[in-house]
Structures are given as structure tokens and as C-alpha cells.
Ligand SMILES: NC(=O)c1ccc[n+]([C@@H]2O[C@H](COP(=O)([O-])OP(=O)(O)OC[C@H]3O[C@@H](n4cnc5c(N)ncnc54)[C@H](OP(=O)(O)O)[C@@H]3O)[C@@H](O)[C@H]2O)c1
């Protein structure tokens, strides 16, 4: 069985540091909504295993998990370690099929050590990839980009694909995958440096800074035949603009709503139903964890493209669990470039 590569050395630890949610955020969680606490290293009960986390994932979705707003998941209880994906190594197991020493990606939270049952496992790190990429390229970002684009965007060669958060974890991969499938790709991002990266590293045919560009005019020029697929990670006014540039029979992938500050009360804007009707659009919402049956095939495809040098994901790894608390706010301020992970080994 192939093994993950580039595994950091682990220092022994005798306590379990946890980043706990201590206040319910309204809007975007800030560092002060969390506290670093210490607990004993937990022992697995029968049917459980224990992992020592190595990389903690930082994801925009954590805003929803921390919030009391209606969501697709239950809010994280106050006082608990923040819900998070993580990559860890199994240090004790009392369950068949989970071996000590194996590397797993799953729901292990923002903490050094976690006990869990096998339902917490998303992936076993059994491809020859850098270990950290199990939390990115073949983790939540790559799986989302691949499955949402192929299942809802349904790209065909020659399609024009527009992607928002184009320089981020999901967006940079959605652009590269679209390109591999024969699309013309246009990226929207929030700084000139990221625009440059979209062009130089992520293969976009065109890229625009949505903060400084008249997007309607730029898209009309860059996509004169209209947008066939809009992969939307932001919602709000950028979505409103893209809808008015869609080609007939275009597809909108609703993957994220990062630009909407709060849903309480729901924000108002231009009415969009006329655009959907007259352009005969298909608008599909996507939640990754509905698509678990497709993970193995998606991982195999992404790992194969990576091995062939046809796809990559820029990682932004911060050292130390103390960086976790402020990291969700960083994502919503665009202060990340690529997939952010926190190394706690
Ligand atoms: N539906 C699912 O199952 C699923 C799964 C994973 C991720 N997602 C979604 O995919 C999107 C990207 O996630 P990611 O993990 O790859 O994060 P990311 O793109 O690496 O980081 C988030 C990015 O959002 C952009 N952003 C923040 N506030 C914005 C605003 N007001 N307007 C426009 N852009 C804004 C920033 O990029 P700029 O600097 O370019 O503005 C920031 O870098 C998120 O919306 C996330 O919720 C959905």
C-alpha cells in the first residue's frame, strides 16, 4: 500500500491542548470567541481509537459550525473543542480495522489528541502524496472542487467557467480541474497578487480583482459568448453580476457564500428569478458530505493528476496551535493564499 510522504517528526506531549469555542459569534468568528485550554490525553473506549493530530484544517465552513444560525449541522457546543477536520496518526486503537501508526483525515477537532469512532474517518492516507495534502488537494478542498464542478457544473470542452475565491483552496483547484476538462477559465479574486497567481500558477485564462475592477464590463469582454458555468463561492453582488452574464442553459454551482456577512436578517438585493428563467439556468447547491460515496474515486483521480504534475494546491502552513483561533477571520479577510493548515506536531 503506498504511504503518505513528507511526514513531520512528532514531539512527545503529555497534555492535550484544545482550542475551545467559548462564545457564540454573530457573523465571522474572531480570535476572542476561542480559548486555548489544557486537558488530559484521552483514552479510547471499546470501539474507539485515539489520534495524535499533526495538521489542523482551517475552513470557511467553521463559521457556520460555530454559529447558532440555521445550518446543515448542529452548532458546536460552547466549551467544546472547535469542530474541525484534521490529519493525525493513530496512537491507540480499540476497534477492528483501525491500526496504530496509520495516518487518517477526519473529524478530530482543534486539539492535539482526539478519541473517535470510525465514523469520524473521512480518508485513510494511503496514496503517495505529501501528508498535508490529505487535508487539501484530496481533502475538503479538492473533493469539493472536483465533485461540485463535475456533478453540478457538468463541464464540457469549450465551456467558459468562472470561479470566485479563485486563488483559494477550493477555487484554485476548481479552475485547474475545469482547465483539465477543456474549459476556458476566468478567476475572480481579491488582490492583484492573487490575480497574478491565478494566471501564473492556476492556469486561468483571465483573472480579475473584484475589489478594483468593473466586473460586469470585464466579464462581458472576457466571456463574450456568456458564462456556461459559474462556480460560486461568495454569493452577494458578485453572484448577481455573474448571473447577468450567463449563457443560455448555463449552470451555477452554489458552493459557498463567503461574501455575505450575516443571514440574520437575510440580506436583500436585486431579484434574480427573471435571469434564471430567461437564461434557462440550472442552479445547484452543494454540500460535500452528501457525496461521501464519491470520495474514493475523486481521491484517485486527484492523486493521479497530481502524480502527473497536472494539478497542485498551494499550502499555507502555520506552526503552532495558537494560530488556530484567529484563522477563520483571516480567511474571511482574504489574508490566506491557498489552503491554510495549522501544524501542531
Ligand atoms: N459546500 C461545500 O461543501 C464546501 C466545502 C468546502 C468549501 N466550501 C466553500 O468554498 C469557498 C472557499 O473555501 P476554501 O476553504 O477554499 O477557502 P479559501 O478560498 O482558501 O479562503 C476563503 C477566501 O474567500 C474569499 N473571501 C472572503 N471574504 C470575501 C468577500 N467578502 N467577498 C469575496 N471573497 C471573499 C477570500 O479570497 P479573496 O482574497 O480572493 O477575496 C478568501 O481567501 C468558501 O465559500 C467555502 O465555504 C464549500
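Numbering (my numbering), first residue to last: 16 to 360.
Even for Gly, the Cβ is constructed at its ideal location relative to N, Cα and C.
- For residue 346, the CB falls within less than 7 Å of some heavy atom of ligand 1.
- Spanning the alpha carbons of residue 81 and residue 29 requires a straight line of approximately 28 Å.
- At least one heavy atom of ligand 1 falls within 7 Å of the beta-carbon of residue 301.
- For residue 50, same chain residues with a beta-carbon under 7 Å away, outside a window of 5 residues either side, are 35, 37 in chain order.
- If one requires a minimum length of 3 residues, the beta strand (DSSP E) runs lying completely within the segment 19-91 are 31-36, 49-54, 64-72, in chain order.
- According to DSSP, residue 297 shares a beta bridge with 266.
- Within its own chain, no residue has a Cβ closer than 8 Å to the Cβ of residue 292 once the five positions on either side in sequence are excluded.
- Distances from the CB of residue 277 to the heavy atoms of ligand 1 are all 7 Å or more.
- Put simply, the backbone Cα of residue 140 is about 24 Å away from that of residue 32.
- Remark: the C-beta of residue 343 is outside contact range of ligand 1, defined as less than 7 Å to any heavy atom.
- Remark: the shortest separation between the CB of residue 180 and any heavy atom of ligand 1 falls under 7 Å.
- Comparing alpha-carbon positions, the option among 270, 102, 63, 307 lying closest to residue 357 turns out to be 102.
- Collapsing the DSSP output to three states places residue 224 in a strand.
- When 181, 280, 180, 138 are compared, the shortest CA-CA separation from residue 308 is found for 138.
- When rounded, the separation of the alpha-carbon atoms in residue 222 and residue 213 is 6 Å.
- Closest in alpha carbon position to residue 345, among 273, 286, 294, is 273.
- Under the DSSP definition of a beta bridge, residue 172 lacks any partner.
- Pairwise C-beta distances place the segment 173-189 in contact with the segment 257-277, as three or more of them are shorter than 8 Å.
- Residue 132 has its alpha-carbon roughly 11 Å from the corresponding atom of residue 66.
- Beyond the five residues adjoining it in sequence on each side, residue 108 comes within less than 6 Å, by CB distance, of 64, 115 in the same chain, given in chain order.
- Here residue 61 is exposed, its C-beta having fewer than 16 other C-beta atoms within 10 Å.
- By a beta-carbon distance limit of 8 Å, residue 237 contacts residue 201. Their separation comes to about 5 Å.
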